[in-house]
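Reviewing the structure listed below.
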Amino acid sequence: MREQGTISIHTENIFPIIKKSLYSDHEVFLRELISNAVDAIQKLKMVSRAGEYSGEMGEPEIQIAIDKDRKTLSISDNGIGMTAEEVKKYINQVAFSSAEEFIHKYEGKSDQQIIGHFGLGFYSSFMVAQKVEIDTLSYQAGAPAVHWSCDGSPEFILEDSSRSDRGTTITLHLMEDEQEYVEDARIKQLVKTYCDFLPVPIKLNGEVINQQKAPWRESANNLTKEDYLEFYRYLYPFQEEPLLWVHLNTDYPFILNGILYFPKLRPDVDVTQGQIKLFCNQVFVSDHCEEIIPRFLLPMRGVIDSTDIPLNVSRSALQTDRTVRKIADYISRKVGDRLKELYRDSREDYIKVWQDVGTFVKFGSLNDEKFKKQVEDIVIYRTTYEAKGETQAAKSETPAVQVQAEEGDAWQDVQPASTSGTGEQPAPTTSSYTTLKEYLERNKERHENRVYYCTDEVTQATYVELHKKQGLEVLFMDSFIDTHFISFLEREYSDVKFSRVDSDLDQTLLDKDKAGEIVDPTTNKTRSELIKELFEKALNKPKLNIRTEALKSDDPQGTPPAMVLLPEYMRRIQEMSA
Ligand code: ADP
Ligand code: MG
1 MREQGTISIH TENIFPIIKK SLYSDHEVFL RELISNAVDA IQKLKMVSRA
51 GEYSGEMGEP EIQIAIDKDR KTLSISDNGI GMTAEEVKKY INQVAFSSAE
101 EFIHKYEGKS DQQIIGHFGL GFYSSFMVAQ KVEIDTLSYQ AGAPAVHWSC
151 DGSPEFILED SSRSDRGTTI TLHLMEDEQE YVEDARIKQL VKTYCDFLPV
201 PIKLNGEVIN QQKAPWRESA NNLTKEDYLE FYRYLYPFQE EPLLWVHLNT
251 DYPFILNGIL YFPKLRPDVD VTQGQIKLFC NQVFVSDHCE EIIPRFLLPM
301 RGVIDSTDIP LNVSRSALQT DRTVRKIADY ISRKVGDRLK ELYRDSREDY
351 IKVWQDVGTF VKFGSLNDEK FKKQVEDIVI YRTTYEAKGE TQAAKSETPA
401 VQVQAEEGDA WQDVQPASTS GTGEQPAPTT SSYTTLKEYL ERNKERHENR
451 VYYCTDEVTQ ATYVELHKKQ GLEVLFMDSF IDTHFISFLE REYSDVKFSR
501 VDSDLDQTLL DKDKAGEIVD PTTNKTRSEL IKELFEKALN KPKLNIRTEA
551 LKSDDPQGTP PAMVLLPEYM RRIQEMSA
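Counting along the sequence shown from 1, when you hit position 147 you're at 147 in full-length UniProt numbering, and nothing is skipped either side.
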């Protein structure tokens, strides 16, 4: 036999489940009722713009009223209202939303957003109320006002109402253990959290309690630097100013708006916990975007608003969701674009934010192939190299803008970093920056495919000095991420050798050094050879290299007469076994 039919639901059994398990958090009922009220107001605008309503509109507003004695909370709007038929259709039928029908009918006639979708939000009121009443009057001429009430059983009463003003009031008779919602402060806090940026004034006791303006919905051209900063301060009060921001705005192949900020990275900031706020149609959804934001961008702050991020699926499912993956890609691409734009437009500003932004860039390069490709030319390194004519002023607080080697550039002797005393911050040797490409190009005659780097400006200061004396440019790679980043660079640039300043030099340079050395008449060995033998014996380590630059000159800076260097591979083995 074969039979076809429709699955039926037994309301008595399903109703308690809807009430208890629709949302894990009871407080979201307010978000749901306010978004319905906003929708009702937007719908009225749509109907009016379509020429189907010419009555008075009034100032759109949502009013919240608390009655402590009766233990009620009510939410009123002056929106579109409902006819008896609409109440029967959209309220009495669970999971039946008018949103789709509405959008379909008025599509293209308006830019209003409708929040509703699933037709379930209204029933969240039963999470906190033992009885719910609706009092409503439709905009449609001649439609009588209606009153609906339901005490949480699947039975309802629908009757005439004496209401005379267009719109809807939802009244909740709060359960005994949900009395927190008669407190003004609690309601204010909820409105701030969930509904702050909804485009309609929300009033509690006549006072407007929401911000209304959602800057991320504006076009970037309409916003000034101060607007962005102000919005940041509003979202994250008492925090340092952000370094840089990215305005996201796309409607294909998904809809996404947002503003993301690069904060100054502080050691106390937990970079594994996202701080970006997720919105859906200006309604706050969550403080955690870990599944949507690429991991390396998690320390960013700000807002993301998208109707294309599925809200009702599990977190682990989100990570594999195709749209979510695309959104993540889009965000990192936009962030990369923004950085490139700054690099191109103002190298000076780029250098200013590099210390913090560089961490994102390096972390992103390590983790995301596409992002790596995008930013590989804008990774910069602080260097000992200084272009000729760089002014003293440029060296102070603000990092100097100097990267490109120009004709006539010369090596300049810079004061060595002070290493004396304890707890004293070494003055930065120099604050010029370079890209790796520029470094290799500039030094290709002196040391082709060889990069000298310093990981600790204090303990390696003498080595840095020695390199400078020998005309060797040193890059500072001393942030916490650089250890990983150096290994990454070694993989990326397989023909380039990366040597830490306290490891060996290549043989040709050593030979060059030796050329001018004094020979000991009794042994017929150079001084460095003698020292090398001595140290190798004493330390029981073969293959030491001795750097002898200082042996040739009397050194006013007090550089030691020679340096003992482990070959790079030995240094690494030693570090690994340490
Ligand atoms: P959704 O908002 O997803 O459509 P809800 O359960 O929140 O689902 O609401 C169901 C329907 O009830 C809405 O689609 C709308 O037609 C109607 N409705 C709810 N609240 C209001 C209101 N304040 N004014 C007018 N209509 C409303
Ligand atoms: Mg709704």
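Here a beta-carbon is modelled for each residue, glycine too, at the ideal position from N, C-alpha and C.
By the criterion of a C-beta distance shorter than 8 Å, T435 is surrounded in its chain by D377, I378, V379, I380, Y381, V403, once the five residues flanking it on both sides are discounted.
Taking L244 as the centre and dropping the five residues before and after it, the same chain places the C-beta of F262, V353 closer than 6 Å to its C-beta, in chain order. In the structure shown, R166 adopts coil according to DSSP, grouped into three states. Scanning the stretch 203 to 250 from its first residue to its last, the whole alpha helix (DSSP H) runs of 4-plus residues come out as 225 to 235. With the rule of 3 Cβ pairs closer than 8 Å, the stretch 207 to 221 does not count as touching the stretch 171 to 179.
Per DSSP, the unbroken beta strand (DSSP E) holding V283 starts and ends at 283 to 286. Beta-carbon to beta-carbon, I486 and F476 are separated by about 12 Å, too far to satisfy the 8 Å threshold. As DSSP reads the structure, F371 sits in no beta bridge.
Using a cutoff of 7 Å, the CB of S35 counts as near the ligand MG, since one of the ligand's heavy atoms is closer than that. Taking the Cα positions, P154 is about 11 Å away from K131. Scanning its chain for C-beta atoms nearer than 7 Å, with the 5 sequence neighbours on each side dropped, one finds around D482 the residues T455, in chain order. In its chain, beyond the 5 residues on either side, A40, K43, L44, Y139 have a beta carbon closer than 6 Å to the beta carbon of I80. Annotated as proximal: D495 and N449, with beta-carbon spacing under 8 Å. In this structure, I66 and D184 form a Cβ contact; the two beta carbons are roughly 7 Å apart against a cut-off of 8 Å. In this structure, V361 and L339 form a Cβ contact; the two beta carbons are roughly 7 Å apart against a cut-off of 8 Å. About 5 Å separates the Cβ atoms of M300 and L260, confirming a contact at the 8 Å cut-off.
For Q63, no alpha helix (DSSP H) segment is defined; the enclosing uninterrupted segment is the beta strand (DSSP E) at 62 to 67.
Cβ contact annotation for Q275 (same chain, cutoff 6 Å, sequence separation greater than five): R301, in chain order. Here W354 is not bridged, per DSSP, to any residue. Checking the DSSP bridge columns, you'll see C150 partnered with V132, F156. Close CB contacts of T323 within its chain, under the 7 Å cut and outside five residues either way in sequence, are with F254, D308 (chain order).
Taking the Cβ of E86 as the reference point, every heavy atom of the ligand MG lies at 7 Å or farther away. Separation of E159 and E59 (C-alpha to C-alpha, rounded to the nearest whole angstrom) is 28 Å. About 14 Å separates the Cβ atoms of V200 and R31, ruling out a contact at the 8 Å cut-off. In this chain, the alpha helix (DSSP H) harbouring C195 covers 184 to 195. Residue K468 holds the alpha-carbon nearest to the alpha-carbon of T383 among K444, D329, K468. In this structure Q460 is buried. Its beta-carbon is surrounded by 16 or more other beta-carbon atoms within 10 angstroms.
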